[in-house]
Each structure stands twice: as structure tokens, then as C-alpha cells.
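Take a look at the structure set out below.
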Amino acid sequence: MPGAVAGPDRSGWVCTVGELPRRIYGGDMDNRGLTLMAVHAHPDDEATSTGGVLARYAAEGVTTVVVTCTDGRCGDGLEGAKPGDAGHDPEAVAAMRRRELEAACAVLKVTHLETLGYHDSGMMGWATNTAPGAFWTVPVADAAQRLAELIRRYRPDVVITYDENGGYGHPDHIQTHRVTMAAVELAGHPAKVYWSTVPESWMHDVAALLRDAGVEWDEAEVAELPPMGLPADQISTWIDTTGVSAQKYDALAAHASQGDGALFLGLGKERFARLMGTETFVRVLDTTGAPTPEDDLLAGLR
-15 MPGAVAGPDR SGWVCTVGEL PRRIYGGDMD NRGLTLMAVH AHPDDEATST GGVLARYAAE
45 GVTTVVVTCT DGRCGDGLEG AKPGDAGHDP EAVAAMRRRE LEAACAVLKV THLETLGYHD
105 SGMMGWATNT APGAFWTVPV ADAAQRLAEL IRRYRPDVVI TYDENGGYGH PDHIQTHRVT
165 MAAVELAGHP AKVYWSTVPE SWMHDVAALL RDAGVEWDEA EVAELPPMGL PADQISTWID
225 TTGVSAQKYD ALAAHASQGD GALFLGLGKE RFARLMGTET FVRVLDTTGA PTPEDDLLAG
285 LR
């Protein structure tokens, strides 16, 4: 089984079957209280949508766990080579992206990093969607069982993943949602489950800040993008991550091989903080009774 979990030793060491353990960040889980787990599709997703909360809660002494479901092999290769290009080696890309993922998690002070090792499925409609080993083809129950093992091991109080559309329709994000929600059912509910989101105005905010930075991005292009985000009154949770926005910026920069991140990095740290200084979520499961809207993922737990 690719990337089968061999487990951490509960002190910051992680590995998958066939690999030597690597220390990501110190900290003894038994000496910590609350635990937050973020389940993501690809290397770099942990930085883009949850880099702020991972850094903020790690700084507060919370145990943070990142689970990355795929190896990112359909990302950019050396010199921007795309899948199918002569210079694109999927195995080399996957190895490079693993190194970048580890570097980003170190920046964010992630306590434990786990990788499930499934192959990146590529964008919806690509031939790679149905390639052997592609995450999109894996039975949800099989992957959910593996993730449930991690949930039982780490006992997270809070689990974060994507909504049923994966945020923007990427097959691996959709599959991550399905697998995570099934795993939560298998393992026993954590106290709280969240889906990451953005306000529906977010892409227009991106375009405005890019123009302010001297980068032209036609509003017509924004209008052609898939629907993304929610009206503000449908967002339950607004987390101020301004104080760690530099860490989030540096974590995204650790994924240097991927051109998508360069767009946000081109804003510079000040504009980046304005755009990324708040991370937003929809609370879909709660056992605490904490009122919404809320400004703390751990509201009702401390």
C-alpha cells in the first residue's frame, strides 16, 4: 500500500512504510493538551488555506498534525514543466514536492506530518484522473480507514478539511473531503470539524491587491474562474492570523517549484498579510455549544 503509515513515535518523528523517520518539529504529545488536524490534498495546500492557523495554534502550544493525501506528482516540474511535457518526471516531481512539504511544515512548526502517498490525480478531466494509483480512483472506504487510524492515534479535538466541492472542484480536494468525513465517522467524532473556505469576494480582493502591486489581472479573467467562497453570513469562523502571516508567506515560498504560489508571493509580505491575514471556515460539526460566529477554532474547548 503506497505510503502506508508506520507512525510517529509521539515525539515529532514521522515516517511512511519503507522510509526512515524524519523529525519535523519537537514536542511530546503526551505533555500537550489540545490537538488540531488539517487534512489536505497536495503539498502546498497546508500553507495556502491553513498556514495561518497551523502557525498560530502551534505558537499557542497546540499539537498540530498535517495529513497530506497525495504526492503532488501532477504539479510543475523543473523549469515549470507541466505533466506530459518532455521534461516532466512525475517521480522526481513527487520527491521534490515532499521535500518542499517538509520544509513548509518546519516553517509552520507543525508537530506531526503524515503522508498517505496516493498519486496526484491532476485537474478535473485530465487523463491522470484515472491513472493507476490516482487518489480519485481509490475507494473512499479504503482511504478513510487509513485516515481513521491516524485520527485514533492523534485524537484531534479539531479536524479541518474542504467542503464537498473541494473548494474549487479539484478531484483530489473533493476526494479529500469525502475521505475525511468518512474517516471522522469511523474513528469517532472529534469535538469540532471545519471546512476551509474564503469569502465570495476574495478573488476580487486578490485582483485589487495585484493591481496595487503593479501586476495586471483582468477582472474578466476573475469572472471566468470557477465559483469559490461563500457569502460572509454563511462563514461561521474568522481566525485572525495576522501575527503569523510572515510564517505563512515563508511556508508558501518553501513550495518554490510551484508557479501558482508565485502569484501571491509577488504581492510582498505587507499586501500578502492584508489578503491572507484572516483564515475562514465553516463549522460543520460541534459538540461544545460554542456560539457562532467565532474567532477561535478551539472555542468551547479551552
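Numbered per this note's numbering, the sequence shown spans residues -15 to 286. All C-beta atoms, glycine included, are put in the ideal place defined by N, C-alpha and C. Note that the coordinates shown come from a computational prediction; the quantities given were computed from them, not determined experimentally.
Check: Which two residues bound the contiguous alpha helix (DSSP H) that contains Cys89?; Outcome: 74 to 91
Check: Val168: which of Gln129, Asn149, Ala90, Leu194 sits nearest, CA to CA?; Outcome: Gln129
Check: Would you check if the stretch 67 to 81 and the stretch 264 to 275 touch, i.e. whether three or more CB-CB distances between them fall below 8 Å?; Outcome: no
Check: Is it a yes or a no for the stretch 92 to 99 touching the stretch 37 to 53, going by three-plus beta-carbon pairs under 8 Å?; Outcome: yes
Check: Which stretch, first to last residue, makes up the beta strand (DSSP E) that contains Asp270?; Outcome: 262 to 270
Check: How should Ser185 be labelled, buried or exposed, when 16 other C-beta atoms within 10 angstroms of its C-beta is the threshold for buried?; Outcome: exposed
Check: If you draw a straight line from the alpha carbon of Arg139 to that of Leu20, how long is it in whole angstroms?; Outcome: 9 Å
Check: Mind the definition here: the stretch 150 to 157 touches the stretch 184 to 200 only if three or more C-beta pairs lie below 8 Å; say whether that holds.; Outcome: no
Check: Check this for me: beta carbons of Thr264 and Thr221, under 8 Å apart or not?; Outcome: yes
Check: Are Gly333 and Asp55 touching if we call contact CB-CB under 8 Å?; Outcome: This structure does not reach residue 333, given that the chain is present from -15 up to 286, and the question cannot be answered.
Check: Between Gly213 and Ile223, what straight-line distance do the alpha-carbon atoms span, to the nearest angstrom?; Outcome: 16 Å
Check: Note the first and the last residue of the continuous beta strand (DSSP E) segment covering Gly176.; Outcome: It is Lys, not Gly, that sits at residue 176 in the sequence shown. Start and end: 176 to 181.
Check: Rounded to the nearest angstrom, what separates Arg195 and Ala230 at their Cα positions?; Outcome: 21 Å
Check: Can you give me the C-alpha to C-alpha distance between Ala240 and Leu282, rounded to a whole angstrom?; Outcome: 32 Å
Check: List the endpoints of the continuous alpha helix (DSSP H) containing Met131.; Outcome: According to the sequence shown, residue 131 is Leu rather than Met. Element bounds for Leu131: 124 to 138.
Check: Evaluate Arg83 with the Cβ neighbour count: other Cβ atoms within 10 Å of its Cβ, from every protein chain shown; 16 or more gives buried, anything less gives exposed.; Outcome: exposed
Check: Write down the C-beta distance between Gly36 and Gln242 rounded to the nearest angstrom, noting that I regard them as a contact closer than 8 Å.; Outcome: At roughly 19 Å, the Cβ-Cβ gap does not stay under 8 Å, so Gly36 and Gln242 are not in contact.
Check: Might you give, ordered along the chain, the residues of its own chain that have their beta carbon closer than 7 Å to the beta carbon of Val177, omitting 5 neighbours on each side?; Outcome: Val143, Val168, Val268, Leu269
Check: Please tell me whether Ala76 and Gly61 are closer than 8 Å, where the distance is taken between their beta carbons.; Outcome: yes
Check: Count the other C-beta atoms from every protein chain shown that fall within 10 angstroms of the C-beta of Pro174, then say buried if there are 16 or more, exposed otherwise.; Outcome: buried
Check: Put His154 into one of helix, strand or coil per three-state DSSP.; Outcome: coil
Check: For Thr145, which residues of its own chain have a beta-carbon under 7 Å away from its beta-carbon, when the five flanking residues on both sides are left out?; Outcome: Val23, Thr160, His161, Thr164, Trp179
Check: Going straight from the alpha carbon of Val199 to that of Thr276, what length do you get?; Outcome: 37 Å
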